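Here is the structure we will look at.
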Amino acid sequence: ILNVEQSPQSLHVQEGDSTNFTCSFPSSNFYALHWYRWETAKSPEALFVMTLNGDEKKKGRISATLNTKEGYSYLYIKGSQPEDSATYLCASARTSNFGNEKLTFGTGTRLTIIP
Amino acid sequence: NAGVTQTPKFRILKIGQSMTLQCAQDMNHNYMYWYRQDPGMGLKLIYYSVGAGITDKGEVPNGYNVSRSTTEDFPLRLELAAPSQTSVYFCASSYVGMGNQPQHFGDGTRLSIL
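If you read the protein sequences in the order shown, they are chains A and B.
Here the numbering used here is used: the first residue of the first sequence is 88, the next is one more, and so on.
Here the numbering used here is used: the first residue of the second sequence is 8, the next is one more, and so on.
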């Protein structure tokens with residue numbers, strides 16, 4: 088994988104249900120994996136930055152895992168609420184001769200919670 | 008806390024006109040970035056800056072110019088607007104330029120070229 092790919096593209100989930108979605112990224116020269124939450128008409132907001140293989144991070148009902156060797160990360164939302172409706176972006180940073188400050192973004196998973 | 012402030016929020020330009028999109032941050036971040044967001048595409052990096060006086064091209068720099076005279080400000084200039092530049096533009100900043108630091112985004116500028 089050369090690009091950052093997210094699946095599914097969109098998702099409708101009943102309020103109260105749990106859900107998860109995937110980010111696939113290049114495993115070579117991996118440096119960091121970011122997750123952002125992007126609500127309509129607002130700016131993307133950082134959820135997690137993960138760097139270590141096997142890392143798990145949690146913020147309230149949202150958690151993420153990271154597998155750097157196979158190049159994927161999962162984002163989990165437990166007990167979905169209407170306020171979780173947003174687009175979730177992931178982005179990867181890779182090491183290079185020119186530094187590792189640049190992120191490559193996926194196209195996002197658009198999550199809609201049905202009340 | 009203002010964070011990252013972008014102006015204007017919306018703008019319509021005619022083909023061939025020029026304009027500057029403003030971006031300012033009050034977090035004393037060294038690194039600043041300009042992205043564009045097109046439908047169905049991920050955020051694409053246009054230019055970035057690692058500090059005052061230093062800028063570098065991103066993935067899609069053609070048709071744009073930037074400058075960074077202060078830590079706070081990172082304007083993006085379109086010299087000869089073209090329809091292909093119709094997009095939503097986001098400015099972002101981070102404390103240091105390591106990929107393991109989160110980026111802080113402005114609210115975006117929606118630009119239409121007609």
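The beta carbon of each residue, even a glycine, is placed where N, CA and C say it ideally should be.
All values derive from a computational prediction rather than experimental measurement.
Handout entry: Where Q108/B sits in the DSSP three-state scheme
Key = Here the question's residue 108/B lines up with position 101 in the second sequence. Coil at Q108/B, not helix or strand.
Problem - Neighbourhood of G103/A by C-beta, 7 Å cutoff - its chain only, sequence neighbours within 5 removed - result: Within the first sequence, residue 103/A is the residue found at index 16, counting from 1. For G103/A, same chain residues with a beta-carbon under 7 Å away, outside a window of 5 residues either side, are G166, S167 in chain order.
Practice task
Just the C-alpha distance for D80/B and I201/A, rounded to the nearest angstrom, thanks.
Solution key: Locating residue 80/B in the second sequence gives position 73, where the first residue counts as 1. Locating residue 201/A in the first sequence gives position 114, where the first residue counts as 1. The C-alpha of D80/B lies about 41 Å from the C-alpha of I201/A.
Practice task
State yes or no: is the beta carbon of L50/B nearer than 8 Å to at least one beta carbon in chain A?
Solution key: Taking the first residue of the second sequence as position 1, residue 50/B is located at position 43. Residue contact check for L50/B against chain A: a CB pair falls below 8 Å.
Problem - P131/A at chain B interface by Cβ criterion, 8 Å - result: As a position in the first sequence, residue 131/A is number 44, starting the count at 1. For P131/A, at least one C-beta of chain B is nearer than 8 Å to its own C-beta.
Practice task
For K146/A, write down the residues that DSSP places opposite it in a beta bridge.
Solution key: Here residue 146/A refers to the residue found at position 59 when the first sequence is read from its first residue. Paired residues: I149/A.
Exercise for the section: Kindly indicate which three-state DSSP category D33/B falls into: helix, strand or coil? Expected result: Translated into the one-based positions of the second sequence, residue 33/B becomes position 26. Here D33/B sits in coil by DSSP.
Practice task
Using a Cβ cut-off of 8 Å (strictly closer), state whether Y177/B contacts chain A.
Solution key: What the structure shows of chain B is the stretch from 8 to 121, and residue 177/B is not part of that stretch, so it cannot be assessed.
Exercise for the section: Helix, strand or coil for Q13/B, going by three-state DSSP, please let me know. Expected result: The sequence position of residue 13/B within the second sequence is 6, counting from 1. In the displayed model, Q13/B falls within a strand according to three-state DSSP.
Problem - Closest by C-alpha distance to N35/B, when choosing among S101/B, S25/B, G23/B, A88/B - result: Here residue 35/B is taken as the residue at index 28 of the second sequence, counted from 1. Minimum Cα distance to N35/B is reached at S101/B.
Practice task
Work out the CA separation of I61/B and T27/B for me, nearest whole Å.
Solution key: Taking the first residue of the second sequence as 1, we reach residue 27/B at position 20. Taking the first residue of the second sequence as 1, we reach residue 61/B at position 54. Linking T27/B to I61/B through their CA atoms gives a straight-line distance of about 18 Å.
Problem - Short CB-CB distance (under 8 Å) between G193/A and chain B - result: Along the first sequence, one-based indexing puts residue 193/A at 106. When Cβ-Cβ separations below 8 Å define contact, G193/A makes contact with chain B.
Practice task
Compare the C-alpha of G47/B against each of Q93/A, S172/A, K129/A and name the closest.
Solution key: Within the second sequence, the letter at position 40 stands for residue 47/B. Ranking Q93/A, S172/A, K129/A by CA distance to the CA of G47/B puts Q93/A first.
Handout entry: Limits of the unbroken beta strand (DSSP E) element including I22/B
Key = In the second sequence, the residue the question calls residue 22/B occupies position 15. That residue, I22/B, is in no beta strand (DSSP E); it is neither H nor E in DSSP.
Handout entry: Proximity of S122/B and L118/B at Cβ, strictly below 8 Å
Key = Outside the shown range of chain B, which is 8 to 121, sits residue 122/B, and nothing can be said about it.
Exercise for the section: Can you tell me which of G10/B, W41/B, A89/B puts its alpha carbon nearest to the alpha carbon of L121/B? Expected result: Locating residue 121/B in the second sequence gives position 114, where the first residue counts as 1. Minimum Cα distance to L121/B is reached at A89/B.
Practice task
Count the CB pairs spanning the region 95-114 of chain A and the region 65-79 of chain B that are closer than 8 Å, and state whether there are at least three.
Solution key: In this structure the region 95-114 of chain A does not touch the region 65-79 of chain B; the number of beta carbon pairs closer than 8 Å is below three.
Handout entry: Contact residues within the region 130-156 of chain A, judged by C-beta distance below 7 Å to chain B
Key = Per Cβ criterion, the list reads S130, P131, A133, V136, T138.
Handout entry: Cα-Cα separation, Y118/A to S97/A
Key = If you number the first sequence from 1, residue 118/A lands on position 31. If you number the first sequence from 1, residue 97/A lands on position 10. When only Cα atoms are considered, Y118/A and S97/A end up about 27 Å apart.
Problem - Endpoints, beta strand (DSSP E) assigned at M137/A - result: Residue numbering aside, residue 137/A sits at position 50 when the first sequence is read from its first letter. From DSSP, the beta strand (DSSP E) with M137/A extends over 132-137.
Practice task
Using a Cβ cut-off of 7 Å, pull out every chain A residue sitting near L96/B, in sequence order please.
Solution key: For the purposes of this step, residue 96/B is taken as residue 89 along the second sequence, with counting starting at 1. The identity of residue 96/B in the sequence shown is Tyr, whereas the question assumes Leu. Listed along chain A, no residue sits closer than 7 Å to Y96/B by beta-carbon distance, the nearest being about 12 Å off.
Exercise for the section: Could you tell me which residues DSSP puts in a beta bridge with E92/A? Expected result: Within the first sequence, the letter at position 5 stands for residue 92/A. According to DSSP, residue pairing for E92/A in a beta bridge involves S111/A.
Exercise for the section: For Q101/A, write down the residues that DSSP places opposite it in a beta bridge. Expected result: Working through the first sequence from its first residue, we reach residue 101/A at position 14. For Q101/A, which the question treats as bridged, DSSP gives the partners I201/A.
Practice task
Kindly indicate the opening and closing residues of the beta strand (DSSP E) around D63/B.
Solution key: Walking along the second sequence from the start, residue 63/B turns up at place 56. Start and end: 61-64.
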